[in-house]
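Worksheet: the structure to be examined is printed underneath.
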Amino acid sequence: FKSAEKAADLIDLEKHKGEHPRMGATDVIPFIPISGVDMKDCVKLAQELGRRLGEELGIPVYLYEEAATRPERKNLADVRRGQYEELKTAIKDPERKPDFGPMKMPRAGATAVGARPPLIAYNINLDTGDIKIANKIARLIRGSGGGFKSVKALGVMIEGRNLAQVTINMCNYKEAPLHRVFELVKIEAARYGVNVVGSEIVGLVPMDALLDTADFYLRLEGFKKEQVLESRI
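Position 81, counted from 1, in the sequence shown is what our numbering calls 219; the numbers after and before it change by one each time, with no gaps.
Encoded structure:
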């Protein structure tokens with residue numbers, strides 16, 4: 139709550155431009171069950187925080203994923219549709235009415251608050267400055283394009299490096315593991331005569347996701363998580 143309050147004080151979306159879709163200074167707040175809590179607990183937390191942001195800060199709040207109040211708001215991309223610029227007008231439409239807060243857009247924008255499984259933010263860099271290639275690959279691998287159901291992706295440019303990037307949100311790494319996504323991007327890039335020059339994980343990642351990747355590439359036999367040194371300390 140305090141972070142969102144400070145962001146609302148400091149960030150003016152009227153003056154903000156960027157590559158990544160966004161609709162608010164505090165764009166999205168997910169609650170993720172790790173240990174000692176379940177998804178129902180996280181949904182309750184999302185509802186409580188959403189109500190406070192709306193009532194105390196006057197920020198329009200949309201509940202998404204497991205906390206969504208409507209099926210069409212489960213997908214964050216649908217909630218964020220049009221971004222800040224279009225939502226300023228669309229928010230007056232009853233169909234886009236926020237779950238909490240006013241039906242008008244402050245300069246700090248709106249916030250999506252939800253509950254979901256762990257998400258992996260994963261970017262794959264290509265040795266091309268052609269963003270059209272990155273967008274074509276992104277379209278093929280994401281669920282809305284007939285690819286991995288739990289994958290969202292788009293093409294962006296990396297400023298200062300003249301590299302196109304496929305930026306990916308992996309919403310369920312058990313359904314679509316890191317290595318499967320990486321290999322598919324490699325295959326599709328090769329069709330355009332392009333190579334993968336690197337990849338990056340943004341933020342935190344579940345250990346199991348990395349162990350699955352190591353298992354795939356190293357062809358480990360009978361390996362268990364308990365064999366990881368840090369897990370025994």
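Every residue gets a Cβ at the ideal spot worked out from N, C-alpha and C, and that includes glycine.
Just the C-alpha distance for residue i and residue j, rounded to the nearest angstrom, thanks.
i	j	result
Pro-240	Tyr-260	34 Å
Ile-371	Ala-206	39 Å
Val-343	Leu-257	8 Å
Phe-139	Ile-197	11 Å
Glu-297	Ala-272	15 Å
Ile-170	Tyr-311	14 Å
Arg-160	Glu-223	10 Å
Ile-167	Val-251	5 Å
Arg-219	Leu-367	44 Å
Leu-195	Glu-143	7 Å
Met-308	Asp-147	31 Å
Arg-208	Gly-331	43 Å
Val-335	Arg-299	12 Å
Ala-276	Lys-155	22 Å
Thr-266	Lys-274	13 Å
Could you name the residues that DSSP lists as bridge partners for residue i?
i	result
Gln-303	Asn-263, Val-294
Ser-337	Ile-262
Tyr-200	Ala-250
Phe-169	Ala-253
Gly-162	Gly-247
Phe-238	Val-199
Identify, in the order they occur along the chain, each residue of the same chain with its Cβ nearer than 7 Å to the Cβ of residue i, setting aside the five sequence neighbours on each side.
i	result
Met-177	Pro-171, Glu-204, Ala-253
Ile-149	Ala-163, Ala-246
Ser-337	Tyr-260, Asn-261, Ile-262, Asn-263, Phe-320
Glu-152	Arg-245
Ala-184	Phe-169, Leu-201, Ala-205, Val-251, Gly-252, Ala-253
Leu-322	Ile-279
Ala-215	Lys-290
Going by beta carbon distance, what residues of the same chain come within less than 6 Å of residue i, once the five residues before and after it are set aside?
i	result
Arg-357	none
Ala-145	Ala-163, Thr-164
Leu-301	Asn-263
Val-294	Glu-157, Gln-303, Thr-305
Glu-313	Ser-288
Asp-179	none
Lys-324	Val-334
Within the same chain, show all residues whose beta-carbon is closer than 8 Å to that of residue i, passing over the 5 residues directly before and after it, in chain order.
i	result
Pro-315	Ala-347, Asp-350, Thr-351, Phe-354
Lys-235	Ile-229, Met-241
Ile-269	Gly-293, Val-294, Met-295, Ala-302
Met-243	Pro-198, Tyr-222, Leu-225, Lys-226, Ile-229
Does residue i pass the burial test, meaning 16 or more other C-beta atoms within 10 Å, or should it be called exposed?
i	result
Asp-237	buried
Glu-326	buried
Gly-285	buried
Ala-248	buried
Lys-362	exposed
Arg-386	No answer is possible for residue 386: the residues shown for the chain start at 139 and end at 371.
#### Entry: the segment 176-191 / the segment 221-233 touching (three or more Cβ pairs under 8 Å)
Result no; under three Cβ-Cβ pairs closer than 8 Å.
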